[in-house]
Amino acid sequence: MCVIDGLHRLMAASLKGQKDIDVRFFDGSREEAFLKSVEANVEHGLPLSQADRTAAALRILKSHPTMADRAIAKSTGLGARTVAQLRRSSDSVPQSDFRVGRDGKVRPLDGAQGRLRVAELMRDNPDASLRQVARSAGVSPATALDVRRRLERGDQPVPSQRSRSRGEAGPAKPEPVDPAPVPAAAAPPTAATLDKLMRDPSLRQSELGRRLLRMFRENVLGASEMNDICASVPSHCIELIVELSRRNSQIWDGFAQELNRRARIVNPD
């Protein structure tokens with residue numbers, strides 16, 4: 001009973017006093033549910049930051065290691081080469097000798113093995129259609145057709161540049177990868193959180209949301225700023241400012257407790 005997508009709609013219904021809300025149930029593992037939630041958010045939800053999309057892609061790579069780079073890229077809103085670079089650079093991603101594409105088809109990483117399998121199937125079942133052979137070998141019909149034509153010409157089913165596994169060619173040319181991102185200076189956690197909220201359309205597009213953002217923006221200060229301001233307070237004002245600060249702290253604490261109560265409505269766990 002975990003909400004995968006639609007937390008804001010559930011919250012709105014709860015605040016209106018509704019006891020029921022229409023839902024679509026999803027039956028799957030926790031990791032499959034996470035994949036669905038990312039796909040839903042990329043399609044119509046709040047915009048994810050680059051860091052959020054990268055973290056989601058890495059988690060999907062670990063839980064779905066056979067999922068093709070392009071399929072993960074579509075699910076997370078990243079580029080396929082960025083996903084491929086993440087796969088290569090992470091030691092925690094399980095290795096696999098095949099990939100499952102966006103069309104659901106299984107494709108071996110080593111094209112030579114797939115072509116050899118096609119040739120074997122064609123010899124054993126000469127009357128089988130190209131689609132049947134391609135499906136059994138886990139290759140595309142175009143690859144199966146190319147193998148058939150090569151066999152008819154008396155050529156090997158695997159072109160020389162694709163025969164690395166048989167020791168007939170040198171090392172393959174490495175695929176181009178996206179340049180490594182330049183690390184940015186780490187922002188203070190509070191400032192980074194505020195920056196993320198400032199980009200949230202659901203807050204920026206409502207008057208109350210904009211008022212909340214202004215309140216946060218006016219109250220967020222760095223540690224050095226707080227020290228400077230504290231040192232500049234005249235001695236005869238200290239007691240009044242302490243009292244006012246504590247009162248504001250109580251107001252913000254009550255605000256946080258109310259939000260936490262509403263959060264438990266959305267997710268009792």
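With the first letter of the sequence shown counted as 1, position 41 gets the number 41 in full-length UniProt numbering; the numbers rise by one all the way through.
Positions of the beta carbon are idealized from the N, C-alpha and C atoms, including for glycine.
So the candidates are the options; which of them puts its Cα closest to the Cα of residue i?
i    : options               : result
A80  : M67, S92, V158        : M67
K36  : D22, G17, M11, C2     : C2
S89  : P159, T54, Q113, V100 : T54
A256 : F216, R102, Q85, V133 : F216
G77  : V93, D91, A51         : A51
E113 : P159, R153, L7        : The sequence given here places Gln at residue 113; Glu does not occur at that position. Looking at the Cα atoms, P159 is the closest of the given residues.
What's the C-alpha gap between residue i and residue j?
i           : j    : result
R87         : A73  : 12 Å
Q95         : L61  : 10 Å
A184        : R70  : Confidence in A184 is poor, its pLDDT being 43 and thus under 50, which makes the residue's placement unreliable; the coordinate value appears in the next sentence. Their backbone Cα atoms lie some 27 Å apart in a straight line.
P65         : G111 : 18 Å
A13         : K19  : 8 Å
D155        : R149 : 9 Å
L213        : M198 : 7 Å
L244        : Q250 : 10 Å
V242        : A192 : 27 Å
R99         : V139 : 11 Å
P234        : D228 : 12 Å
K16         : D103 : 42 Å
E218        : M226 : 13 Å
A128        : M122 : 7 Å
D200        : D124 : 60 Å
R9          : I21  : 9 Å
R162        : L194 : With a pLDDT of only 44 at R162, under 50, the local geometry of the prediction cannot be trusted, and the value read off the model is given with reservation. Taking the straight line from one Cα to the other gives about 51 Å.
W252        : L259 : 11 Å
V38         : N248 : 37 Å
G254        : S92  : 42 Å
E239        : A231 : 14 Å
C237        : E32  : 58 Å
residue 272 : R246 : One cannot answer for residue 272 here, as it falls past the ends of the chain, which runs 1 to 269.
With residue i and residue j assumed to form a contact (beta carbons below 8 Å), what rounded beta-carbon distance in angstroms separates them?
i    : j    : result
K196 : S49  : 7 Å
D5   : A56  : In fact, because the Cβ distance is near 14 Å, the residues do not count as touching under 8 Å.
F26  : R59  : Contact flag wrong, Cβ pair sits at about 18 Å.
S75  : V42  : 7 Å
M11  : R261 : The Cβ separation is near 12 Å, so there is no contact.
Going by beta carbon distance, what residues of the same chain come within less than 6 Å of residue i, once the five residues before and after it are set aside?
i    : result
R131 : P141
I265 : S14
R30  : none
Starting from the C-beta of residue i, find all residues in its chain whose C-beta is less than 8 Å away, skip the five residues before and the five after it, and write them out in chain order.
i    : result
R210 : L203, R204
P157 : R115, L116, V118, A119, V147, R150, L151
G101 : A68, R70, A71, R107
G28  : K36
V133 : V118, L121, M122, N125, A144
Please list, in chain order, all residues of the same chain as residue i whose beta carbon is under 7 Å from its beta carbon, the five residues on each side excluded.
i    : result
L145 : L130
S136 : L121
If you scan the region 6–71 from start to end, which runs of the beta strand (DSSP E) of 3 or more residues do you find wholly inside it?
none
Counting only runs that start and end within the region 221–264, where is the alpha helix (DSSP H) found for 4 or more residues in a row?
223–232
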